[in-house]
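Residue numbers (my numbering): 29 to 245.
Virtual Cβ for every residue (Gly too), placed ideally from N, Cα, C.
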Amino acid sequence: MPVLDLTRCLSRQTPVYSGTPAPEIEPCATMREHGFRERTVHLTTHTGTHCDAPAHVLAQGATLDQLPVEIWTGPGFCLDLRQGGTVVPERVTAASLRPLLPPPEVLRGGWLLLLTGWAGKWDVPHYFTDHPELTPDAAKLLAQSGLHGLGMDMPSPERADRPGLPVHTALLGAGCVLAENLHRLERLPAAGFTVVCAPLHLAGADGAPCRCLALWT
29 MPVLDLTRCL SRQTPVYSGT PAPEIEPCAT MREHGFRERT VHLTTHTGTH
79 CDAPAHVLAQ GATLDQLPVE IWTGPGFCLD LRQGGTVVPE RVTAASLRPL
129 LPPPEVLRGG WLLLLTGWAG KWDVPHYFTD HPELTPDAAK LLAQSGLHGL
179 GMDMPSPERA DRPGLPVHTA LLGAGCVLAE NLHRLERLPA AGFTVVCAPL
229 HLAGADGAPC RCLALWT
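Listed below in structure tokens is the structure:
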């Protein structure tokens, strides 16, 4: 079965938002001293490729361990939002999305992956500040589609300074979980694959690093 890994590899060099603690990955046992290897890992729940649970932005939202396991997989759809296949969009509106989306009955229970081209900016300082974003009306359109999840090749569906984070609120409030900081989306077909996006099974968590895979039969 062909498998494409859409996950960034976590390391101490993984970029993070300004003010967010960098990942710490240190040995706590070594072959020389203990006869085996083990490491301690310290990072925030939204580091690297990760999933957002409703509890991330909703006071009474479900945490990761409260969500049904079925939500982390489904038929995959990749939407190429690059203009002419190269230019990164600045804002993605409902008007620009609507003609590109499969019908709601097709999307229901699936995972929609947004290819913006922003993954190529992973190592530049403005990766977390100048990325494309969905408008609130685009978020509402997607929230009505019954998606299990929305994935993207950027750090967030909206800029971090948007008051109230309306895009997160609309999507997570509708039960659509988010997967952020994906890459290699340009290698995907428009449809015909399955997404498995499994975060760490953490009690009470608002999000967690995940392993996101695309599989073909």
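Counting along the chain, Ala167 sits inside the alpha helix (DSSP H) bounded by residues Pro164 to Ala171. The closest CA to that of Pro132, considering only Leu95, Thr35, Ala123 and Gly174, is found on Gly174. Ranking Thr101, Pro82, Arg36 and Thr114 by CA distance to the CA of Ala171 puts Pro82 first.
Secondary-structure assignment with DSSP links Gly102 through a beta bridge to Val223. Between Val69 and Gly138, the C-beta spacing is not below 9 angstroms. If the five residues before and after Leu169 are omitted, its C-beta is found closer than 7 angstroms to the C-beta atoms of Ala122, Leu125 and Arg126, all from its own chain and listed in chain order.
Counting of Cβ neighbours within 10 angstroms places Ile99 among the buried residues, the total reaching 16 or more. Gln111 sits in a strand when the DSSP states are folded into three classes.
Sequence-distant Cβ neighbours of Glu118 in its own chain, meaning closer than 7 angstroms and more than five residues away, are Pro160. By the Cβ rule, the segment 219 to 236 counts as touching the segment 92 to 112, because three or more pairs are nearer than 8 angstroms. According to the DSSP assignment, Met59 belongs to the alpha helix (DSSP H) that extends over Met59 to His62. Bounds of any beta strand (DSSP E) do not take in Glu133; it lies within the alpha helix (DSSP H) bounded by Pro132 to Leu135.
Spanning the alpha carbons of Ala202 and Gly63 requires a straight line of approximately 49 angstroms. When the five nearest sequence neighbours on each side are left out, the beta carbons in the same chain lying within less than 7 angstroms of the beta carbon of Lys149 are those of Tyr155, in order along the chain. In its chain, beyond the 5 residues on either side, Thr72 have a beta carbon closer than 7 angstroms to the beta carbon of Thr48.
Of the residues Trp244, Gln88 and Asp93, the one whose Cα lies closest to the Cα of Cys79 is Asp93. Glu61 and Cys238 have their alpha carbons spaced roughly 31 angstroms apart. Under the three-state reduction of DSSP, Gly174 is assigned to coil, being neither helix nor strand.
Per DSSP, reduced to three states, the secondary structure at Leu125 is helical. In the DSSP annotation of this structure, the continuous segment of the beta strand (DSSP E) that includes Ala242 starts and ends at Gly235 to Leu243. Beyond the five residues adjoining it in sequence on each side, Pro194 comes within less than 8 angstroms, by CB distance, of Pro164, Ala167 and Glu186 in the same chain, given in chain order. Excluding sequence positions up to five before and after Arg136, its CB lies within less than 6 angstroms of the CB of Gly174, all in the same chain and listed in chain order.
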